[in-house]
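Here is the structure we will look at.
Protein chains in written order, with my numbering: chain X, 284 to 606; chain R, 31 to 131; chain D, 4 to 99.
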């Protein structure tokens, strides 16, 4: 009976994706993409992956939308061409379509051919009590396959470095939002609750769907909405320390565990939960600031009137120094 | 038994309000009126649905969480709709008001 | 009770689809923004319904996350669009 729901969600996803791809104007494509992100989050839930659904709701329906809109605004300034030039030959689209078709056939075929193998789920469930957490996703990410997560966080960090290197001379985008009491109300409501919600997801990540990435994404959302409203901060938000603390703590944990137990990222017995929580906290903070940094590079603002002024405008001087 | 009837009633009302909001979004002539239909109808629909789910939940803390979720959505969407309405250009809003007088 | 949830979910998906028509057709930029609002609220309601009467706590957490991050898209949209009543047809040029 639930197949009706799944089928309708899948149909709407495909329709929205088609609209997003074939829409003539980029702004409409962006809007369709935001709705698409929300629907994909629902699809993840129907597929039984609530952790990914939370991350997708935070990033796909919130952050990516803001990022694309800010990038669109900047493209308007740069007067980039909206749609690409007409393709001169049919070879490239044809080959890509064939490749996608082959890939789809492969995936579908392997779905139908897969014997009743539950994958590694049984193995994970056996060793779950020893991992220090009771959420299998967190156990896999931060205990069984923690080296992969270390590399993923390193990749995220390198991405931030690369984008920062490219943005030495980015244009100042004029922010259009006026200081409005409703915006202040939204900020007063959303920001503290986001901080608490992120901390909550970080904490329950050990037993329920949640974890470092989801918490980082929500915190990044709070930072992004403050950036959009031109809040001045007491401390430098583009703080290099905050950006690298995730990777730093992870590497420190790797070295420390090597020294303690003789094997990299093999947590000492009965201490696993403490190590995992420490790494997750640092990673969440880092992810939040890295995502915020990725957003800021595309949307640097010169405000006319600040919405809520907290302290002296260090941000404006930083922007003036950079340009 | 009463619980089932109440739940069915609440779900019915909630769905009615949600569909009314969506159809209002389709059929109203102006951005401001669409905003009006959307915010009011959707939030009442969400209240009915959240209440219907909350009264059937075993864990009372999750019921409380659902009610708080509805309050949060109510506050955020009213603030957002005021924010959007502030940005709709004035002549359009005034013209709609004049047309209806 | 299970069928009641499925009926509610189908009704919400229908409301979602109707809102998406407005995203596609909406002549002005404000209409597109409103439809995004509708998808957000309908998504929250759908998540609540799919949580099987509170058994699946993760879905309610997802609904919270969605509620908290919906304003970001709206505020970002309002900060990059100049006039909400600017109509844009299917093939006209994008003027902010």
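Note that the Cβ used here is the ideal one computed from N, Cα and C, for glycine as well. Remember, it's a predicted structure, so these values are computed and weren't measured experimentally.
Using the Cα positions of residue i and residue j, report the straight-line distance between them to the nearest angstrom.
i	j	result
residue 531 of chain X	residue 425 of chain X	15 Å
residue 416 of chain X	residue 489 of chain X	5 Å
residue 16 of chain D	residue 44 of chain D	12 Å
residue 396 of chain X	residue 408 of chain X	25 Å
residue 542 of chain X	residue 477 of chain X	37 Å
residue 21 of chain D	residue 53 of chain R	7 Å
residue 484 of chain X	residue 99 of chain R	16 Å
residue 448 of chain X	residue 555 of chain X	37 Å
residue 418 of chain X	residue 63 of chain D	17 Å
residue 342 of chain X	residue 526 of chain X	18 Å
residue 569 of chain X	residue 468 of chain X	27 Å
residue 62 of chain R	residue 117 of chain R	10 Å
residue 578 of chain X	residue 352 of chain X	10 Å
residue 514 of chain X	residue 33 of chain D	25 Å
residue 60 of chain R	residue 86 of chain D	14 Å
residue 431 of chain X	residue 31 of chain D	46 Å
residue 57 of chain R	residue 24 of chain D	11 Å
residue 67 of chain D	residue 26 of chain D	24 Å
residue 312 of chain X	residue 359 of chain X	15 Å
residue 479 of chain X	residue 61 of chain D	16 Å
residue 349 of chain X	residue 372 of chain X	35 Å
Could you tell me which of the options sits nearest to residue i, measuring between CA atoms?
i	options	result
residue 565 of chain X	X/352, X/481, X/404	X/481
residue 96 of chain R	R/88, R/81, R/63	R/81
residue 572 of chain X	X/439, X/472, X/464, X/555	X/439
residue 336 of chain X	D/49, D/59, D/57, D/65	D/65
residue 43 of chain R	R/78, R/118, R/114, R/90	R/78
residue 446 of chain X	X/576, X/284, X/313	X/576
residue 41 of chain R	R/118, R/111, R/86, R/105	R/86
residue 559 of chain X	X/523, X/536, X/497	X/536
residue 492 of chain X	D/59, D/18, D/74, D/19	D/59
residue 70 of chain D	R/109, R/45, R/49	R/109
residue 36 of chain R	R/94, R/104, R/88, R/83	R/83
residue 506 of chain X	X/333, X/561, X/471	X/471
Please confirm whether residue i and residue j have their CB atoms less than 8 Å apart.
i	j	result
residue 355 of chain X	residue 310 of chain X	yes
residue 78 of chain D	residue 508 of chain X	yes
residue 41 of chain D	residue 101 of chain R	no
residue 292 of chain X	residue 325 of chain X	yes
residue 13 of chain D	residue 295 of chain X	no
residue 46 of chain D	residue 38 of chain D	no
residue 331 of chain X	residue 421 of chain X	no
residue 114 of chain R	residue 36 of chain D	yes
residue 49 of chain D	residue 504 of chain X	no
residue 524 of chain X	residue 574 of chain X	no
residue 381 of chain X	residue 75 of chain D	no
residue 502 of chain X	residue 404 of chain X	no
residue 285 of chain X	residue 9 of chain D	yes
Which word fits residue i, buried or exposed, when buried means at least 16 other C-beta atoms lie within 10 angstroms of its C-beta?
i	result
residue 117 of chain D	Absent from the structure is residue 117 of chain D, since the part of chain D shown begins at 4 and ends at 99.
residue 454 of chain X	Confidence in residue 454 of chain X is poor, its pLDDT being 42 and thus under 50, which makes the residue's placement unreliable; the coordinate value appears in the next sentence. Answer is exposed; the Cβ neighbour count stays below 16.
residue 413 of chain X	exposed
residue 451 of chain X	Residue confidence for residue 451 of chain X is low, a pLDDT of 48 falling below 50, so the modelled location carries little weight; the figure read from the coordinates is stated next. Label assigned to residue 451 of chain X: exposed.
residue 443 of chain X	buried
residue 107 of chain R	buried
residue 339 of chain X	buried
residue 387 of chain X	exposed
residue 540 of chain X	buried
residue 39 of chain R	exposed
residue 305 of chain X	exposed
residue 119 of chain R	exposed
Could you check whether the Cβ of residue i sits closer than 8 Å to any Cβ belonging to chain X?
i	result
residue 31 of chain R	no
residue 106 of chain R	yes
residue 78 of chain R	no
residue 9 of chain D	yes
residue 55 of chain D	no
residue 23 of chain D	yes
Checking contacts by CB at 8 Å: is residue i closer than that to chain D?
i	result
residue 43 of chain R	no
residue 61 of chain R	yes
residue 550 of chain X	no
residue 284 of chain X	yes
Is residue i close to chain R, meaning its C-beta is less than 8 Å from at least one C-beta of that chain?
i	result
residue 46 of chain D	no
residue 70 of chain D	yes
residue 35 of chain D	no
residue 587 of chain X	Residue confidence for residue 587 of chain X is low, a pLDDT of 29 falling below 50, so the modelled location carries little weight; the figure read from the coordinates is stated next. Chain R contact via Cβ: absent.
residue 2 of chain D	Residue 2 of chain D falls outside the range modelled here, since chain D spans only 4 to 99, and no answer is possible.
residue 79 of chain D	no
residue 468 of chain X	yes
residue 61 of chain D	no
How about residue i: is its C-beta nearer than 8 Å to some C-beta of chain B?
i	result
residue 563 of chain X	The chain labelled as chain B is not found among the protein chains of the depicted structure, namely X, R and D.
Below 7 Å, is the gap between the Cβ of residue i and the nearest heavy atom of the ligand SAH?
i	result
residue 442 of chain X	Within the structure as shown, the ligand SAH is missing, as the structure has no ligands at all.
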